[in-house]
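Written out below as structure tokens is the structure these notes cover.
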Amino acid sequence: MDVNANIPSNFIRNIIEQDLSTGKHKKIVTRFPPEPNGYLHIGHAKSICLNFGLARDYQGTCHLRFDDTNPEKEEVEYIESIQEDVRWLGFDWGEHLYFASDYFDQLYHYAVELIKQGKAYVCELSGDEIREYRGTLTQPGKDSPYRNRSVEENLELFERMRNGEFEEGSHVLRAKIDMASPNVVMRDPVLYRIKKVPHHRTGDKWCIYPMYDFTHCLSDAIEGITHSICTLEFENNRPLYEWILEQVFPEPHPQQIEFARLNLSYTVMSKRKLLQLVEQGVVSGWDDPRMPTLAGLRRRGFTPAAIRDFCERIGVAKANSIVDYALLEHCLREDLNMTAKRTMAVLRPLKVVIENYPEGQVEYVEAVNNPNDPDAGTRLVPFAREIFIERDDFMVDPPKKFFRLAPGREVRLRFAYFIKCTDVIYDDEGNVVELRAVYDPETKGGSAPDGRKVKATLHWVAAEHSLPAEVRLYDHLFAKEDPNEGDLLENLNPASLEILTDARVEVNMQDVQPGEKFQFERLGYFCVDLDSTPERLVFNRTVPLRDTWAKLQRK
RNA sequence: UGGGGUGUAGCCAAGUUGGUAAGGCACAGGACUUUGACUCCUGCAUUCCCUGGUUCGAGUCCAGGCACCCCAGCCA
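Numbers 6 to 560, taken from our numbering, label the letters of the first sequence in order.
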């Protein structure tokens with residue numbers, strides 16, 4: 006497959022290529038099967054990219070199927086958000102949108118078929134009793150007293166379950182397999198349980214609902230899935246997946262393949278823990294920019310292309326692992342570097358008065374919008390006597406390798422002029438509050454006719470002709486690489502959010518829209534937050550630029 | 001003292017039928033630079049969890065260990 010020559014190989018691709026070359030399958034069909042009980046996160050993105058990517062690369066099909074067999078936990082709201090997120094990621098299921106609940110009738114008939122074969126029975130043991138009878142990991146279980154009912158009795162009981170004649174928990178349908186199996190999953194697993202709860206799609210048509218193990222394999226088979234890719238924890242369930250199909254479904258059967266789910270350093274991926282963060286108010290919601298949810302990453306300013314690239318680079322294997330967050334950041338920067346418009350913003354302003362620049366004068370300097378994209382053009386940025394520069398770009402007593410502004414030193418203001426610091430003004434407490442400088446009119450545009458060099462280029466913004474803005478700086482939500490070690494809340498990073506309210510941005514930013522992405526030159530990539538309005542601009546820092554000076558400072 | 005998996009660099013990960021350890025991230029140097037960014041060079045596993053064995057030759061085969069993950073929901 007030369008089309009896929011540059012795509013890293015993995016064990017699943019190997020299986021598919023073999024199945025295609027041996028003629029086992031002429032066309033592959035995969036599926037992404039979320040349960041609509043929560044928001045999608047970047048771990049799901051790995052699965053989405055895998056399943057849809059495989060279908061794309063091997064000219065197959067990928068279905069989106071909601072695994073909605075537990076109405077107690079599922080909501081239509083999630084069905085909407087999941088579809089939105091999958092589309093946002095860049096994938097299209099075409100006509101292939103399915104719901105396991107659409108198969109409830111068929112599933113019921115397969116259950117009846119199993120009963121007729123004497124391979125399923127209605128059990129009246131309580132939940133606690135079922136657990137007791139199941140045995141333990143090292144001890145075999147024992148048969149339920151209801152295990153050997155007649156087919157007729159089972160048929161009648163199952164129908165009465167369906168008709169709502171029994172209370173929740175009083176009866177279940179179980180597969181008759183082997184209570185002594187070393188694999189606990191095979192010890193007469195529950196196939197159907199009674200839940201007198203309306204379903205978000207089937208209403209109150211059903212009061213019995215099929216379990217995952219019974220539903221998933223049959224849904225796959227009904228849809229003609231060839232490769233049913235799931236995560237490692239379902240490895241123990243594979244024998245059951247195959248057992249059910251062998252009893253009631255004609256060949257060929259889908260093949261279940263398991264891979265290791267994604268773990269990312271400095272964050273958590275379990276729905277339970279994510280929910281805990283939301284409910285305890287640790288974050289502002291599912292779309293808090295620090296959350297690993299697709300909604301959170303989107304609000305933070307991540308691009309679908311970066312996430313897809315990331316999912317491709319991490320590979321697919323069976324070893325549990327924790328991927329370095331730095332790889333995600335790398336993918337993001339690589340994408341944003343090519344696409345984000347540049348602008349200048351000063352996060353922590355320090356006023357500089359250019360004493361030899363005419364008072365009241367404003368001129369416009371031309372700035373490049375994206376050096377990687379000539380089509381992005383240029384813009385005009387106002388320059389005046391009073392400007393703001395970044396506080397971090399000035400030091401009264403600079404160390405050896407600091408080559409930004411300092412008393413008596415000359416630097417370049419990007420796209421504008423060279424300025425030299427002539428004076429430092431302090432407040433009563435000795436803090437630097439303002440700088441005085443002179444500019445060289447000969448250096449307009451940023452280069453000196455006499456060829457003299459300057460060691461640094463600073464970003465800036467005109468004091469009057471700039472806009473106030475709020476900037477939210479984000480960092481890892483957790484301070485620990487693996488937050489799952491020890492107490493979750495104790496591992497939080499207290500500095501995961503810093504809000505700057507005095508930032509200044511170019512006047513050209515007046516009409517930006519939520520979601521728009523920029524590179525604030527020399528600082529990082531930022532996007533306009535949902536909270537932003539023309540009256541009060543709000544930006545999120547998506548990811549800072551690599552900063553070798555900061556790295557030097559740390560040493 | 002059950003069963004199922006996994007172990008290749010700081011982090012991911014590829015390694016055909018045994019033939020002499022890809023790639024990316026991170027990190028460290030250097031070049032370039034009107035972003036200390038980007039880009040570009042260079043370096044980064046005499047060794048593949050361990051111990052034996054087979055072989056001219058083992059990350060790949062065999063035997064025995066060790067470590068870690070998953071399974072005892074009427075969740076998925």
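Cβ coordinates follow ideal geometry from the N, Cα and C atoms, glycine included.
- Annotated as distal: Val156 and Gly208, with beta-carbon spacing of 8 Å or more.
- DSSP places Ser471 in the uninterrupted beta strand (DSSP E) bounded by 471-479.
- Cβ neighbours of Val177 within its own chain (closer than 6 Å, five residues either side excluded): Cys128, Val195, Arg198.
- DSSP places Gly208 in the strand class (E or B) of the three-state scheme.
- Assignment of alpha helix (DSSP H) within the region 60-110, counting only whole runs of 4 or more residues, yields 81-94 in chain order.
- Burial is judged here by how many other beta carbons sit within 10 angstroms of a residue's own beta carbon; Leu102 has fewer than 16 and is exposed.
- A direct Cα-to-Cα measurement between Ile359 and Arg390 gives close to 5 Å.
- Under the three-state reduction of DSSP, Thr348 is assigned to strand.
- Of the other Cβ atoms in all chains shown, 16 or more fall within 10 Å of the Cβ of Arg36; this residue is therefore buried.
- Contact between Leu472 and Val510 holds: CB atoms are separated by about 5 Å, below the 8 Å threshold.
- Of all alpha-carbon atoms in Leu494, Glu486, Tyr369, Leu55, the one lying nearest the alpha-carbon of Glu263 is that of Leu55.
- Looking at the DSSP output, Ile53 shares a beta bridge with no other residue.
- Proximity of the region 370-378 to the region 340-354 meets the contact definition, three or more beta-carbon pairs being nearer than 8 Å.
- Secondary structure of Lys124 (DSSP, three-state): coil.
- Around the beta carbon of Gln260, 16 or more other beta carbons lie within 10 angstroms, which makes this residue buried.
- Counting C-beta atoms within 10 angstroms of its own C-beta, Glu170 has fewer than 16 neighbours from the protein chains shown and is therefore classed as exposed.
- Closest by C-alpha distance to Glu172, out of Ser131, Asp340, Val476, Ile120, is Ser131.
- The beta carbon of Glu118 sits closer than 7 Å to the beta carbons of Val253 from its chain, once the five residues preceding and following it are set aside; these are given in chain order.
- Counting along the chain, Gln524 sits inside the beta strand (DSSP E) bounded by residues 522-525.
- Membership of Gly301 in the alpha helix (DSSP H) is indicated by the continuous run 299-305.
- With a 10 Å radius around the Cβ and a threshold of 16 neighbouring Cβ atoms, Glu79 comes out buried.
- For Glu263, no alpha helix (DSSP H) segment is defined; the enclosing uninterrupted segment is the beta strand (DSSP E) at 260-264.
- In this structure, Val370 is the residue among Lys51, Lys323, Val370 with its C-alpha nearest to the C-alpha of Leu385.
- For the pair Asn498 and Leu237, the Cα-to-Cα distance works out to about 30 Å.
- Asp62 sits away from Glu40, with the two beta carbons spaced by 8 Å or more.
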